[in-house]
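Let me begin by presenting the structure, written as structure tokens, before commenting on it.
Protein chains: 2
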Amino acid sequence: MDTTGEVGSFFKSAFSVDNVIFGFDGGDLKVLLIQRGQSPFKDKWALPGDLVYPNEDLNTAAERVLEQLTGLRGVYLEQVKTFGAVNRHPLGRVITVAYISLIKISNYTLTAASFAQSAKWHSIDEVGHLAFDHNEILESCLRRLKRKVRTAPIGFELLPPKFTLTELQQLYDSVLRLPKHLDKRNFRKKILSMNLLVECSEMQEGVAHRPAKLYQFDSDKYGQFVNEGFIFDI
Amino acid sequence: MDTTGEVGSFFKSAFSVDNVIFGFDGGDLKVLLIQRGQSPFKDKWALPGDLVYPNEDLNTAAERVLEQLTGLRGVYLEQVKTFGAVNRHPLGRVITVAYISLIKISNYTLTAASFAQSAKWHSIDEVGHLAFDHNEILESCLRRLKRKVRTAPIGFELLPPKFTLTELQQLYDSVLRLPKHLDKRNFRKKILSMNLLVECSEMQEGVAHRPAKLYQFDSDKYGQFVNEGFIFDI
DNA sequence: GGGTTTGGTGTGAAAATGACAATAAGTGCT
DNA sequence: AGCACTTATTGTCATTTTCACACCAAACCC
Chain A
27 MDTTGEVGSF
37 FKSAFSVDNV
47 IFGFDGGDLK
57 VLLIQRGQSP
67 FKDKWALPGD
77 LVYPNEDLNT
87 AAERVLEQLT
97 GLRGVYLEQV
107 KTFGAVNRHP
117 LGRVITVAYI
127 SLIKISNYTL
137 TAASFAQSAK
147 WHSIDEVGHL
157 AFDHNEILES
167 CLRRLKRKVR
177 TAPIGFELLP
187 PKFTLTELQQ
197 LYDSVLRLPK
207 HLDKRNFRKK
217 ILSMNLLVEC
227 SEMQEGVAHR
237 PAKLYQFDSD
247 KYGQFVNEGF
257 IFDI
Chain B
27 MDTTGEVGSF
37 FKSAFSVDNV
47 IFGFDGGDLK
57 VLLIQRGQSP
67 FKDKWALPGD
77 LVYPNEDLNT
87 AAERVLEQLT
97 GLRGVYLEQV
107 KTFGAVNRHP
117 LGRVITVAYI
127 SLIKISNYTL
137 TAASFAQSAK
147 WHSIDEVGHL
157 AFDHNEILES
167 CLRRLKRKVR
177 TAPIGFELLP
187 PKFTLTELQQ
197 LYDSVLRLPK
207 HLDKRNFRKK
217 ILSMNLLVEC
227 SEMQEGVAHR
237 PAKLYQFDSD
247 KYGQFVNEGF
257 IFDI
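Same order as they appear, the protein sequences are chains A and B. Each residue of the first sequence is one higher than the one before, counting from 27 in the working numbering. Each residue of the second sequence is one higher than the one before, counting from 27 in the working numbering.
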């Protein structure tokens with residue numbers, strides 16, 4: 027949420043979007059935050075967001091925020107929940123619609139927007155106190171991600187197009203944070219039995235050990251299977 | 027959404043809540059609709075809803091709409107999705123937050139609000155073309171209900187406090203609309219094995235056949251079990 | 001008391017889950 | 001070349017869950 031200058035007087039009521047942008051680099055699950063340049067909450071970390079323009083659809087606004095920050099278009103975006111407590115914004119009545127987006131962290135280049143200079147990936151459990159009610163928003167989006175990653179093939183949105191099964195498993199491990207880690211053999215059996223992954227001819231490169239096979243997610247096949255009643259489940 | 031009279035000039039942007047109120051009477055799943063008294067969409071059926079007051083939380087607004095229409099308080103209410111297409115409302119920019127509520131249909135008495143005179147239960151598949159984007163909203167809420175009814179014990183919200191297992195099964199059948207009906211023996215085994223139902227001493231009365239045992243849902247137990255890691259699943 | 005209607009119950013086959021460990025294929029170093 | 005090191009890859013078995021399926025019981029009505 028940006029609340030600069032001249033909009034002050036406009037603040038009787040307004041709506042905004044806030045975007046919880048998730049990324050994964052092989053370690054922890056990450057979220058992209060920006061450091062606010064202005065009051066209120068100057069210097070605090072916050073979710074990237076903006077007011078919705080008068081002639082802009084909500085989804086469009088969320089896409090715009092994402093593109094301005096990351097330069098990315100056409101990535102996974104999902105509306106999660108709307109936050110509208112009367113006093114959630116100190117300057118007026120602003121309700122905000124929270125979105126999740128999932129991006130391939132390697133695609134992200136910190137170049138695009140004016141506010142991008144202060145954008146930074148944070149490990150999901152090294153996020154401190156955020157501006158506004160953004161901690162609450164983040165919690166909701168994280169819960170949603172945890173559920174959805176098991177029931178729809180959206181984990182792949184966080185990985186490069188070609189990935190190893192170990193990378194995929196690590197992704198699930200770090201999103202789900204189950205008390206016990208997933209079992210390697212059972213995980214591979216399950217994911218391969220869905221027939222949604224196609225083996226690439228190439229292998230992993232540049233590792234100091236036996237290289238793994240690379241796989242790709244076949245979204246066309248997934249579409250077919252869904253039509254036939256298939257339900258993704260991990 | 028109510029858009030009467032003097033608010034016309036206020037319409038640059040506003041937010042509203044719309045409430046998809048579900049009920050069940052043993053037959054089909056029902057939804058409570060009102061017939062609009064004013065333009066736009068005069069005489070069309072619509073979801074009950076209203077603008078959110080300046081000092082009112084979103085949830086509070088949804089509770090208010092529900093109470094004004096049904097006289098009920100403290101019933102199940104869940105935010106589902108926010109609809110904000112630029113032209114979804116002909117008179118201005120209005121984004122609306124959609125809620126589901128689940129009520130015990132026998133508790134509903136058509137007395138409360140001014141607009142209640144034109145409220146009526148509709149079978150879920152005898153809903154025609156609704157005002158605004160309300161068909162789309164209804165679809166979203168119905169999908170949500172179908173998912174959630176399997177993963178949380180919210181079906182009971184639609185039944186009287188004491189119910190038979192057959193009633194419960196019919197509820198699931200009419201919400202889920204699976205290609206094959208649920209199997210009686212398997213359903214009873216599953217639901218009873220959760221230990222969430224307590225058998226009442228009373229029996230069903232006034233039926234022209236063998237009366238069934240009545241059960242109650244034990245929400246305290248459910249709370250305990252959840253703390254111990256239990257996940258409701260049907 | 002016979003007919004009708006719904007309530008209530010158990011078993012077995014098939015599938016899914018979950019625990020578990022040994023060999024294979026590379027790299028880096030000597 | 002050989003060895004140490006690291007990660008990749010694969011199958012079995014016991015347990016649990018799922019799913020299909022049919023008959024007697026208990027109440028009412030006449």
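Note that CB positions come from ideal geometry on N, CA and C, so glycine has one too. Since the structure is predicted, the reported quantities are computational estimates derived from the model, not experimental observations.
Item to complete: Give the secondary structure of R119 (chain B) by DSSP, where H, G and I count as helix, E and B as strand, and everything else as coil.
Response: It is a strand residue.
Worksheet item: Relative to chain B, which residues along the segment 173 to 202 of chain A have a C-beta separation below 7 Å, given in chain order?
Response: Residues passing the 7 Å Cβ filter: none.
Worksheet item: Using the rule of at least 16 other Cβ atoms within 10 Å of the residue's Cβ for burial, across every protein chain shown, is E89 (chain A) buried or exposed?
Response: E89 (chain A) sits buried, since 16 or more C-beta atoms from the chains shown fall within 10 Å of its C-beta.
Practice prompt. Using alpha carbons as the reference points, say which of B:D159, B:K172, B:R236 lies closest to T190 (chain B).
Written response: Each of B:D159, B:K172, B:R236 was checked against the Cα of T190 (chain B), and the nearest Cα belongs to B:R236.
Practice prompt. Check the Cβ-Cβ distances between A111 (chain B) and every residue of chain A, and say whether any is below 8 Å.
Written response: At a cut-off of 8 Å between C-beta atoms, A111 (chain B) counts as an interface residue with respect to chain A.
Worksheet item: How about D44 (chain B): is its C-beta nearer than 8 Å to some C-beta of chain A?
Response: Cβ-Cβ to chain A under 8 Å: no for D44 (chain B).
Fill in: For G75 (chain B), the first and last residue of its enclosing beta strand (DSSP E)
Where G75 (chain B) is concerned, the enclosing beta strand (DSSP E) stretches over 75 to 77.
Discussion item. Against F48 (chain B), what residues of chain A qualify as contacts under a CB-to-CB distance less than 9 Å, listed in chain order?
Written reply: By Cβ distance, chain A contributes nothing, its closest Cβ being about 20 Å from F48 (chain B), past 9 Å.
Worksheet item: So what's Y134 (chain A) in DSSP terms, helix, strand or just coil?
Response: Secondary structure of Y134 (chain A) (DSSP, three-state): coil.
Worksheet item: Whose C-alpha, out of A:E183, A:T135, A:G52, A:F158, is nearest the C-alpha of L103 (chain A)?
Response: If we check each option's Cα against that of L103 (chain A), A:E183 comes out closest.
Item to complete: Name, please, each residue of chain B whose Cβ falls closer than 8 Å to the Cβ of E82 (chain A).
Response: Simply V112.
Discussion item. Let's test the definition: count the other Cβ atoms within 10 Å of the Cβ of K56 (chain A) and tell me whether it reaches 16, buried, or not, exposed.
Written reply: Buried, by the Cβ-count rule.
Worksheet item: From S166 (chain B) to Q230 (chain A), what does the alpha carbon distance come to, in whole angstroms?
Response: Counting only the Cα atoms, Q230 (chain A) lies some 42 Å from S166 (chain B).
Worksheet item: Would you say V91 (chain B) faces chain A, with C-beta separation under 8 Å as the test?
Response: Not one chain A Cβ lies under 8 Å of V91 (chain B).
Discussion item. Rounded to whole angstroms, what is the Cα-Cα separation between D44 (chain B) and A124 (chain B)?
Written reply: A direct Cα-to-Cα measurement between D44 (chain B) and A124 (chain B) gives close to 5 Å.
Worksheet item: Which residues bound the alpha helix (DSSP H) around D44 (chain A)?
Response: Element bounds for D44 (chain A): not the alpha helix (DSSP H) but the beta strand (DSSP E), 39 to 50.
Practice prompt. Using the DSSP secondary-structure output, state which residues sit across from I126 (chain A) in a beta bridge.
Written response: In the DSSP assignment, I126 (chain A) forms a beta bridge with A:V46, A:E104.
Item to complete: Please compile the residues from chain A whose C-beta is within a distance smaller than 7 Å of the C-beta of T108 (chain B).
Response: The answer, in chain order, is L84, Q105, T108, V123.
Fill in: I150 (chain B) in three-state terms, based on DSSP
I150 (chain B): coil per DSSP, three-state reduction.
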